[in-house]
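Just so you know, this note's numbering puts 468 at position 305 of the sequence shown, and the rest follows in order with no gaps. What follows is one structure encoded as structure tokens, with my remarks underneath.
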Amino acid sequence: MRAWKITTETGPEGLRLDPFRTGPPRGRELLIELEASALNRADLLQTLGRYPLRGENPAIPGLEFSGRVLDRGPDANRFAVGDAVMGLADGGAFAERFRVDERLVMQRPAALSASEAGAFPEAFLTAFDALVRQGELAAGDSVLVHAAGSGVGTAAVMLAREIGARVIATSSPPKHERLRKLGAAAVIDSRADDLATRLVETAGPDGVQVVLDLIGARTLDADLRAAAVGARIVVIGLLGGARAEIDLGLLMRRRASIRGSLLRPRSADEKAALIADFEAAMGPALAAGSLRPIIHETFDFDELPRAFAAMQGNEN
164 MRAWKITTET
174 GPEGLRLDPF
184 RTGPPRGREL
194 LIELEASALN
204 RADLLQTLGR
214 YPLRGENPAI
224 PGLEFSGRVL
234 DRGPDANRFA
244 VGDAVMGLAD
254 GGAFAERFRV
264 DERLVMQRPA
274 ALSASEAGAF
284 PEAFLTAFDA
294 LVRQGELAAG
304 DSVLVHAAGS
314 GVGTAAVMLA
324 REIGARVIAT
334 SSPPKHERLR
344 KLGAAAVIDS
354 RADDLATRLV
364 ETAGPDGVQV
374 VLDLIGARTL
384 DADLRAAAVG
394 ARIVVIGLLG
404 GARAEIDLGL
414 LMRRRASIRG
424 SLLRPRSADE
434 KAALIADFEA
444 AMGPALAAGS
454 LRPIIHETFD
464 FDELPRAFAA
474 MQGNEN
């Protein structure tokens, strides 16, 4: 078996495909034969030494996967050998075989291909946690999704649509029509000089109940202006900077809350609870094929550095 390893933290050129052998599954672990994995920006940052290495094999990136169960540990009972599954990995999924806690694994629905399933868990679980578990998004709410053309952004638009919320999205103009087809009621140019004014006008007098902000500093003031009384602003990205100045008087008048979140550093217990909540709430939509990731391009396993280079060049 083989795995892609980070040999030097110099970017994609520091990756090397080496022989790799993982031991038999222990406890609640499953041994997975990889069918597909998605490339996340955290993986790219890891090759640059800008994201902490984690897991039993910290030099091997890869945060999510789809595959087949090859073997089970003595305490694993949720899946059978041969089952098609998908799930989260604490790093290490860019290997042809690897072990993972069965609680971080979901049955792969027949509606998803192996490639789609490999690109599903990280984006959709991140979006679900932010929108539903922290933002408490409900049917009839309005939600503002920044960077809606990203992987997490498109997942958030689809999840909000399934919940029955009205979606206001921000993105670059080439992605607007696609976002409308995914369910966004309104799409605004994320680089507009009058972004805050346009968001307030689009949100209307009642404002938005939830904001999913992947931008950070650059959009936080606009978030508050468009927020409803009691709004929940959930920050999960810092593409627009990590430090912001806000009007605390406006925050108080809105009686709003600003929350921050990351998925990767959480414990296995926390991630297992998230997956259980997601399956309970979104299982029917997932089985029906209503939720599926948007795949820019697929690469053979041996071509992984080329995929990294494409993401590094912002080609996706």
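Just so you know, even glycine gets a beta-carbon here, dropped at the ideal spot from N, CA and C.
**OP:** Could you tell me which residues DSSP pairs with Val-244 in its beta bridges?
**Re:** Answer is none; Val-244 lacks a bridge partner.
**OP:** Starting from the C-beta of Ala-450, find all residues in its chain whose C-beta is less than 6 angstroms away, skip the five residues before and the five after it, and write them out in chain order.
**Re:** So the list reads Pro-272, once near-sequence residues are dropped.
Subject >> Nearest-angstrom beta carbon gap, Val-244 and Val-232 [assumed within contact, 8 angstroms] >> reply: Contact between Val-232 and Val-244 holds, with the beta-carbon distance rounding to 5 angstroms and staying under 8 angstroms.
Subject >> Span separating the alpha-carbon of Pro-187 from that of Glu-259 >> reply: Using only the alpha carbons, I get a separation of about 14 angstroms.
Original post:
Candidates Thr-289, Gly-190, Ala-256 and Thr-185: which alpha carbon is nearest Pro-428's?
Top reply: Out of Thr-289, Gly-190, Ala-256 and Thr-185, Thr-289 has the C-alpha closest to the C-alpha of Pro-428.
Original post:
Do Val-371 and Ala-348 have their C-beta atoms closer together than 8 angstroms?
Top reply: Contact: no.
**OP:** Under 8 angstroms by Cβ, that's how I've got Val-308 and Leu-375 pegged, so tell me the actual separation to the nearest angstrom.
**Re:** So it is a contact: roughly 5 angstroms between Cβ atoms.
Original post:
Can you list, in chain order, the stretches of the alpha helix (DSSP H) that have 4 or more residues and sit fully within the stretch 265-307?
Top reply: Listed in chain order, they are 277-281 and 284-291.
Original post:
So what does Phe-471 bridge to, in DSSP terms?
Top reply: Paired residues: none, contrary to the question.
**OP:** Over the uninterrupted alpha helix (DSSP H) stretch that includes Ile-438, give me the two end residues.
**Re:** Its alpha helix (DSSP H) spans residues 431-451.
**OP:** Figure out for me which residue from Leu-208, Met-445 and Leu-294 has the closest Cα to the Cα of Ile-421.
**Re:** Of Leu-208, Met-445 and Leu-294, the smallest CA-CA separation from Ile-421 is found for Leu-294.
Subject >> Residue(s) in a DSSP beta bridge with Pro-182 >> reply: Note: Pro-182 sits in a beta bridge opposite Arg-165.
Original post:
Which stretch, first to last residue, makes up the alpha helix (DSSP H) that contains Leu-362?
Top reply: Element bounds for Leu-362: 358-366.
Original post:
Looking at the unbroken alpha helix (DSSP H) that takes in Thr-210, where does it start and where does it end?
Top reply: Here the alpha helix (DSSP H) through Thr-210 covers 204-210.
**OP:** Answer with buried or exposed for Phe-283, where buried requires no fewer than 16 other C-beta atoms within 10 angstroms of its C-beta.
**Re:** Buried, by the Cβ-count rule.
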